[in-house]
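Below is one structure, written out as structure tokens; comments come after it.
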Amino acid sequence: MKEKPSRPSVPELNFGRALEYAPSPEATSVPLRKRYDLFIDGEFVLPTDGATYETINPATGKKLATLAEAGPADLDRAVEAARRALRGPWGSLAPRERGKYLFRIARMIQERSRELAILETMDNGKPIRETRDIDLPLVAAHFFYHAGWADKLAYAFPGRAARPIGVAGQIIPWNFPLLMMAWKIAPALACGNTVVLKPAETTSITALHLAEIFQDAGLPKGVVNIVTGDGSLGERIVRHPGIDKIAFTGSTEVGKSIAKAVAGTPKKLTLELGGKAAHIVMEDASLDEAVEGIVNGIYFNQGHVCCAGSRLLVQEGIHDAVVERLRHRLQTLRLGDPLDKNTDVGAIHSAGQLAKINELVASGVAEGACLVQSDCPIPEGGGFWFRPGYFTGVSPSHRIAREEIFGPVLSILTFRTPQEAIERANNTAYGLSAGIWTQKGSRILKMASQLKAGVVWANTYNKFDPASPFGGYKESGFGREGGLQGLSAYVRVESGGR
Ligand code: NAP
Ligand code: MG
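Going left to right, the sequence shown walks through residues 2 to 499 as my numbering numbers them.
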């Protein structure tokens, strides 16, 4: 008699190494130029003194392009162009016409989003999955959202007149180049301002491709001007007398120096600075969901996010279960070519950023915390890489529990009661974001109201929407971007009438 075939056993959870996937590289047939000039008064122009610098691909360490370095005379030209546009074609345009430009720009970004995502990944080092599925859709969404506000400011500020502030000087960091640009330019234009923007020195390429879209959309000359260069150019923007408002996203250190420089001047200021966000995982949380949220919050973006969930506060009874899940999940993360569609963890943005991560991680080991890292292979052939990992045995006084690592490294601490969790989460100089993981809705509401963080996510993490204001408390800065609150950073509100 034939033996009955035995039933296939239920597959065990595969907590082993990542399955090997065939490489799935994104096509790189994008219009990457050899050199990029300044975008002033609607034209691409050479810098007055001819100075240039190079930008590299962090995944290879190789040069991508040469960029123009704006000197003082170039900045003056950009500010004058922005002021002329304000007095002229842009300032006199009906709000609904401003809205049409923003809608047009949003649609053109959607049409060219694949190309922009590839260029962003090449210049920044973040995985194509992130630029393609998160950054670019959000960039378009910000232009669409603010296009809708352009002719409805009377509803945003009822009974009062909302007038543009004037020329906005905008300075952005390297971690979300296009997205930070959209967060700054879309509300400024919707409210009738003009702009002089400086991208980060290491990620300026996509800003200049967006400038091409502004040209193609027929945006009047001088409404947006893009000047490229290093931090000293940022400093000159901050001090320029022809600029009425400074919007800055970057480090707390530079933010403080900007606040000092602007103090006593009529310039308006918003600062979006660093963070040291805490995930709070309660005993009743769905652990698999929580671990996935934690992984998303710190590893998928190399930890290069101001609101990265870089501290994990776990209730004591589930500490071992969470750490065990995390250890296995870490082994399945794919680190490698950012242009490969299977890559989870891309390249560290620069040699300088890698050195900062290494220094802080070494301090964690020296202070007695225990480091666990993925043993994934590091790509050969150059570039900057860091194996994702976490620290256990962390005490709140350790530097890795207090300072922004800005890399794929998590610091795990424990707590006993919800009150202790709140105290630990708030025990930081920053106050940008936090995450709560629990099945109890009432607990979410209570804890969220006690957390000193501008954004609190519950049972999810790193979710953004242009209608939702984003910004910090304490050393994470002030002012909001997005939503109704974000508009008020770009208007002077006068009482009475429209
Ligand atoms: P950063 O050094 O402060 O640089 C940010 C921008 O400021 C860059 O364009 C930079 O130019 C420019 N800059 C440098 N020195 C300046 C000065 N003295 N005056 C005016 N501008 C100056 O920050 P980063 O290291 O590039 O970015 C990472 C930091 O940004 C992290 O701390 C992160 O938390 C924070 N961040 C915050 C948010 C948020 O929304 N809260 C979002 C993203 C990032 P160069 O790059 O050319 O030097
Ligand atoms: Mg680069």
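Don't be surprised by glycine CBs; every beta carbon is placed ideally from N, CA and C.
DSSP places residue 73 outside any beta strand (DSSP E); the residue lies instead in the alpha helix (DSSP H), whose first and last residues are 73 to 88. Bounds of the alpha helix (DSSP H) holding residue 486 are 484 to 488. The ligand NAP has a heavy atom closer than 7 Å to the beta-carbon of residue 274.
Annotation for residue 496: the continuous beta strand (DSSP E) segment containing it runs 492 to 496. A direct Cα-Cα distance of roughly 16 Å separates residue 25 from residue 132.
Judged by their CB atoms, residue 188 and residue 487 are nearer to each other than the 8 Å cut-off. For the options 21, 296, 69, 43, the alpha carbon positioned closest to that of residue 462 is the one of 296. Only residues of its own chain outside the window of five on either side were considered, and among them 216, 222, 223 have a CB closer than 7 Å to the CB of residue 43, listed in chain order.
With fewer than 16 neighbouring CB atoms inside 10 Å of its own CB, residue 153 falls in the exposed class.
Annotation for residue 186: the continuous alpha helix (DSSP H) segment containing it runs 178 to 191. In this structure, residue 59 has its CB at a distance of at least 7 Å from all heavy atoms of the ligand NAP.
Taking a cut-off of 8 Å on C-beta distances, the stretch 279 to 292 touches the stretch 323 to 333, as three or more cross pairs fall below it. Beyond the five residues adjoining it in sequence on each side, residue 252 comes within less than 7 Å, by CB distance, of 274, 275 in the same chain, given in chain order. As for any alpha helix (DSSP H) of minimum length 4 sitting wholly inside the stretch 129 to 172, the runs are 137 to 150, 154 to 157, ordered along the chain. Residue 379 is not a Cβ neighbour of residue 126, given a cutoff of 8 Å.
Between the ligand NAP and the CB of residue 174, the shortest heavy atom gap is smaller than 7 Å. Under DSSP, the beta-bridge partners assigned to residue 250 are 273. Judged by DSSP secondary structure, residue 392 falls within the beta strand (DSSP E) whose first and last residues are 390 to 393. Rounded to whole angstroms, the separation of the alpha carbons of residue 342 and residue 400 is 35 Å.
In the DSSP assignment, residue 320 falls within the unbroken alpha helix (DSSP H) covering 320 to 332. Cβ-Cβ separation between residue 375 and residue 440: approximately 30 Å, too far for a contact (criterion under 8 Å). Here the C-alpha atom of residue 40 lies approximately 46 Å from the C-alpha atom of residue 373. Residue state for residue 340 is assigned as coil, using DSSP reduced to three classes. Residue side-chain check: residue 412 keeps its Cβ at 7 Å or more from all non-hydrogen atoms of the ligand NAP.
Cβ-Cβ distances below 6 Å link residue 82 to 41, 42, 223, 226 in the same chain, with the five nearest sequence neighbours on each side left out; the list follows chain order.
Boundaries of the beta strand (DSSP E) harbouring residue 459: 456 to 459, taken from the DSSP string.
Under the Cβ criterion (8 Å, minimum of three pairs), the stretch 189 to 207 counts as touching the stretch 165 to 172. Proximity to residue 429 across 220, 366, 483, 454 peaks at 454, based on C-alpha coordinates. Take the alpha-carbon of residue 351 and the one of residue 366: they are about 23 Å apart.
Excluding residues up to 5 positions away in sequence, 173, 250 lie with their Cβ nearer than 6 Å to the Cβ of residue 181 in the same chain. Rounded to the nearest whole angstrom, the C-alpha separation of residue 231 and residue 394 is 39 Å. As the crow flies, the alpha-carbon of residue 236 is around 42 Å from that of residue 327.
Taking a C-beta distance under 8 Å as the contact criterion, residue 229 and residue 70 qualify as a contact pair. Relative to the ligand NAP, residue 284 has its C-beta separated by 7 Å or more from all heavy atoms.
Pairing residue 148 with residue 219 gives a Cβ-Cβ distance that is not under 8 Å.
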